[in-house]
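Written out below as structure tokens is the structure these notes cover.
Residue numbers (UniProt numbering): 1 to 107.
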């Protein structure tokens, strides 16, 4: 459809037109202090799944997995994770799975 999705390093998700770079929508990270090297994937049903950290991703911090509607970036659901999300989720028609772990060092 000539668009692209990406997640910025603070957990915000963006959808852009490929031809001219115009932003279609931007879903901000729900946390003002966030840093992540987690990622975002598009599921088979067209839902965008983003996984980022609530804080910096070190020991003692948490992560969050969120789902957004592709058409308009509307937040669908979110799950707080016991540990940081430092990888990309995998989405199938039956489940969304993400590995969680703290950074070994401060990013």
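Yeah, the Cβ is synthetic: ideal placement off N, Cα and C, and Gly gets one too. In this text the structure is predicted, and so the values were computed from the model without any measurement.
Item: Below 8 Å CB to CB, which residues in the same chain sit around residue 28 once its five sequence neighbours on both sides are set aside?; Value: 12
Item: Pick from 66, 42, 100: whose alpha carbon is nearest that of residue 93?; Value: 42
Item: Mark residue 54 as exposed unless 16 or more other C-beta atoms lie within 10 angstroms of its C-beta, in which case mark it buried.; Value: buried
Item: Decide if residue 89 is buried, meaning its Cβ has at least 16 other Cβ atoms within 10 Å, or exposed.; Value: buried
Item: If you draw a straight line from the alpha carbon of residue 97 to that of residue 19, how long is it in whole angstroms?; Value: 32 Å
Item: Give me whichever residues DSSP pairs with residue 80 in a beta bridge.; Value: 64
Item: Rounded to whole angstroms, how far is the Cβ of residue 40 from the Cβ of residue 49, which I believe are closer than 8 Å?; Value: 7 Å
Item: Could you tell me the distance, in whole angstroms, from the CA atom of residue 9 to the CA atom of residue 84?; Value: 14 Å
Item: Between residue 81 and residue 100, which are expected to be in contact by the criterion C-beta below 8 Å, what is the C-beta distance as a whole number of angstroms?; Value: 5 Å
Item: Can you give me the C-alpha to C-alpha distance between residue 57 and residue 87, rounded to a whole angstrom?; Value: 11 Å
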